[in-house]
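Worksheet: one structure, shown below.
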Amino acid sequence: MSGIRRLLPVCMWLVAACAGDPSGPTTGSLDVAVSGLPDGTAAAVSVSGPGGYTHDVIGSETLAGLTPGAYTVTAAVVSSGGYVYRPAQDTQSITVTEGAAAASAQVAYGAAGATLAISVAGLPPGASAAVTVTGPNDFSQPVAATATLSDLPAGVYTVTAESVTSAGVTYSPTPGAQAVTLPEGGSALAQVSYGEGAAVGLNLRIDGMYLTQSVQTYTGTVPLVEGRDGFLRVFVTANQANAATPGVDVRFYDHGALVNELAIAAPGASVPLSPNEGRLGASWNVPVPGALIRPNLSIVATVDPANAIAEADETDNAFPVSGTPLPLDVRTTAPFSVRFVPIVESVNGRRGNVSNANKANFLTAAMRLHPLAAYDADLRAPYTTSQPALQPDNGNNAWTRVLSELDALRLADGNSRYYFGVVDPTYTSGIAGIGYIGGRAAVGWDLPGADWVAAHEWGHNWGRQHAPCGNPSDADPNYPYPGGVIGVYGFDVAAQSLKPPSSTDIMGYCGNEWISDYTYTGVLAWRSARADVPEAVGQSVQPCLLVWGRIEDGQPVLEPAFQVVTRPLLPGGSGPYSVEGSAADGSTLFHLSFAAERVADDPRGGEHFAFAIPLPPAQAARLEALRLAIPGRPMVSVRAAAGAVAGPALDVRTTRVSPDRVALRWDAARHPMVMVRDPGTGEILSFARGGAVEVATDGADLDLQPSSGVGGPSFRVAVPR
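Quick note: the sequence shown uses this note's numbering, first residue 1315, plus one each step.
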């Protein structure tokens, strides 16, 4: 979402209409416009002029009341966030004249080019290295000796080295290939060491090998997930041009015992001289079924296992070279437990299109990208919101308020699953989803690409911030790859397609083409440390008070509370906010300190909270007021409304408007919100507001709990047929 900035003039001159009026201004002004720096970064600009005038400028500014004459605008280099920004012009000469028309100086900063140093060692004098550097925008540069490449664009560069023959001796490089990430204006070093090999003659070896399920580094540092299908790539290289077509044998071991063996035919008519991750045809590949991928798995690969091809050295055909199977890091993960909730907008009747028949479609992208082996998904009864219609820019806060209601619904249900609400907005371009960072609730639309929206929002639920692409409001400062790219090669196992390092990460705003190793391992670590079914699910169901609210546009909001029977959920630790309940005599019934959950996709920095506080009926009957306190803002409170009563005095009117929709009307002044339940299942159908709602139900009865602000008893009403 974009903001609107208004430029306010520093001063306004009132000038007489007559030309040459001696009362006109005798000074001038200078507009200094600074651009190209990240938000919040101060420029390093100074302005000097007649009479010893000097002034430092840290951002766009209008300098008024200047003596006419020549001024010098000097701009210096600025460092911010590990990047270096250089001005397009170091100095500018600007003439300021008398009158209201200001002179102008444009100071445009840009990220300085990156530098990559290539160090080559081990070759005899006069021998040239065979090193090639490739990178963004089809960059390709051969390097014959130690050199420094300057003014490079930021991104991921691949340094490949081939064997060199000099005076009948072959020198082999280490490593054969390496990936280097260059930040904007930054620098990096890639070292290539040559070692003397055998006499001239064909030699085959395996430079590297890795098993990938979604994304993997060349050295195989990304953990694998038990039971999930994978794809093995073996990088065979030769020391000289050839027409060899060797096969590769791969053996799989479980606790040291051989459990499977796969043969891989040569992918082409020759063996490449250096590894190339960017082309599937340059590696020996084989799908690996998930049943083989389990803890204590190890593998060893051998090129030309039958020694059918004559080589100068037959001792280096295995990987690892020792022939000892390579242990793989395989993690056991629990199925992803999620509950889909169709969201109905009472204002227009639109209902999110999710059902038992199509719920799996919302999980497609998540199962392809994230470290998941299985899921357990169910469908809840539709939930109706009384919020205004969803807007593409969330200008009315409807998106964030629906998310808050969904989280309160999850607590009231006493369910341990992640909740994902599905909406059907009236637009096709704008906000598509919203979710908590580290929370268990998210909302997304039902339009094409809904599974990618869900995968993004679940990434937030699993502790991930935004990748720095597309100008998100809360980009992850620790994201390792400039521009929010994935940085290493990804692979879509289902589609058998390669994803280059320049692909953008699912957690950014730039098309979300795949997932980085950073995001993948972060999600894996989050889920490993936090079970989908927490220990709290073991707590007994008991009478609780549902207390919930949010910080919206910097203002605290405390929603009406409800008495529910559910599993208690209290803050996991103390924090800067507090909520308390008190009785009419002033005594405190409960007091909680907490930190709220951040809404990832809310540029206004919204935070929400919801707790199920154990409160026996006797104490609930004494509750007279709730208070919410956040630093720097006045305390807000909700009190029992005078004269608020339950039962027939609610004077609720029910009307069936269609076979599956019922309209409710009541006095909102006495009861600002009514919790509507299905009496058969006990499921909440709506936190209905404003005295009118249409809920989705085909039942003959409804249970209603009017809230006077601090809860109240429930009663049942009949719905006319």
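Glycine is no exception: its CB is placed at the ideal position from the N, C-alpha and C atoms.
Since the structure is predicted, the reported quantities are computational estimates derived from the model, not experimental observations.
- Taking a contact as a CB-CB distance under 8 Å, the pair Glu-1866 and Thr-1740 does not count as one, their CB atoms being some 23 Å apart.
- Contact annotation: Pro-1560 and Leu-1518 have beta-carbon atoms nearer than 7 Å.
- About 44 Å separates the beta carbon of Pro-1762 from that of Gln-1856, a gap too long to meet the 8 Å contact definition.
- Distances from the CA of Val-1573 to each of Ser-2022, Leu-1606, Arg-1941 were compared; the closest alpha carbon is that of Leu-1606.
- Residue environment for Pro-1874: buried (at least 16 other C-beta atoms within 10 angstroms of its C-beta).
- For Glu-1719, the enclosing alpha helix (DSSP H) covers residues 1712 to 1727.
- Taken in chain order, no unbroken stretch of alpha helix (DSSP H) lies wholly in the segment 1851 to 1914 with a span of 4 residues or more.
- The beta-carbon separation of Leu-1437 and Val-1473, rounded to 16 Å, does not stay under the 8 Å limit for a contact.
- The alpha-carbon separation between Cys-1858 and Arg-1881 amounts to approximately 8 Å.
- Nearest C-alpha to Ala-2002 among Leu-1723, Leu-1683, Thr-1340: Leu-1723.
- Note: Thr-1742 is not bridge-paired with any residue in the DSSP secondary-structure output.
- For the options Gly-1541, Val-1548, His-1770, the alpha carbon positioned closest to that of Tyr-1524 is the one of Val-1548.
- By DSSP's assignment, Arg-1400 forms a beta bridge with Gly-1424.
- Membership of Met-1987 in any alpha helix (DSSP H) is not indicated; the residue belongs instead to the beta strand (DSSP E) covering 1987 to 1991.
- Shortest Cα-Cα distance from Thr-1902 to any of Gln-1877, Leu-1937, Val-1878 involves Leu-1937.
- The distance from the Cβ of Ser-2000 to that of Val-2009 is about 5 Å, consistent with a contact at the 8 Å cut-off.
- Judged by pairs of C-beta atoms under 8 Å, the segment 1682 to 1699 touches the segment 1645 to 1665, as three or more such pairs exist.
- The criterion of a C-beta distance shorter than 7 Å is satisfied by Tyr-1733 and Arg-1653.
- With contacts defined as CB atoms closer than 7 Å, Val-1757 and Leu-1717 qualify as a contacting pair.
- The shortest C-alpha to C-alpha distance from Val-1893 to any of Val-1879, Gly-1515, Arg-1941 is the one to Arg-1941.
- Ser-1501 and Leu-1587 have their C-alpha atoms roughly 28 Å apart.
- Between Pro-1786 and Gly-1822, the alpha-carbon positions lie close to 7 Å from each other.
- When DSSP states are grouped into helix, strand and coil, His-1569 belongs to the coil group.
- The continuous beta strand (DSSP E) containing Asp-1345 extends over residues 1342 to 1349.
- Distance check between Val-1506 and each of Ala-1924, His-1569, Tyr-1832, Ala-1444 places Ala-1444 closest, using alpha-carbon atoms only.
- Counting the other Cβ atoms within 10 Å of the Cβ of Ser-1830 gives 16 or more, which makes it buried.
- For Asn-1775, the uninterrupted alpha helix (DSSP H) run begins and ends at 1764 to 1775, by DSSP.
- Proximity to Arg-1608 across Arg-1682, Pro-1489, Asp-1543, Pro-1815 peaks at Asp-1543, based on C-alpha coordinates.
- Between Val-1602 and Leu-1538, the CB-CB gap reaches or exceeds 7 Å.
- Counting other Cβ atoms within 10 Å of its Cβ, His-1569 stays below 16 and is therefore classed as exposed.
- A contact is defined here as three or more CB-CB pairs under 8 Å, and the segment 1400 to 1409 meets this definition with respect to the segment 1376 to 1386.
- Two segments are said to touch when three or more pairs of C-beta atoms, one from each, lie closer than 8 Å; by this definition the segment 1824 to 1842 touches the segment 1774 to 1786.
- For the alpha helix (DSSP H) assignment, the segment 1494 to 1533 encloses no uninterrupted run of at least 4 residues.
- Contact between Gly-1801 and Pro-1815 holds, with the beta-carbon distance rounding to 5 Å and staying under 8 Å.
- Take Gly-1889, set aside five residues on each side of it, and the residues of its chain with a beta-carbon closer than 8 Å to its own are Ser-1907, Phe-1908, Ala-1909, Ala-1910, in chain order.
- Secondary structure at Trp-1828: strand, using DSSP grouped into helix, strand and coil.
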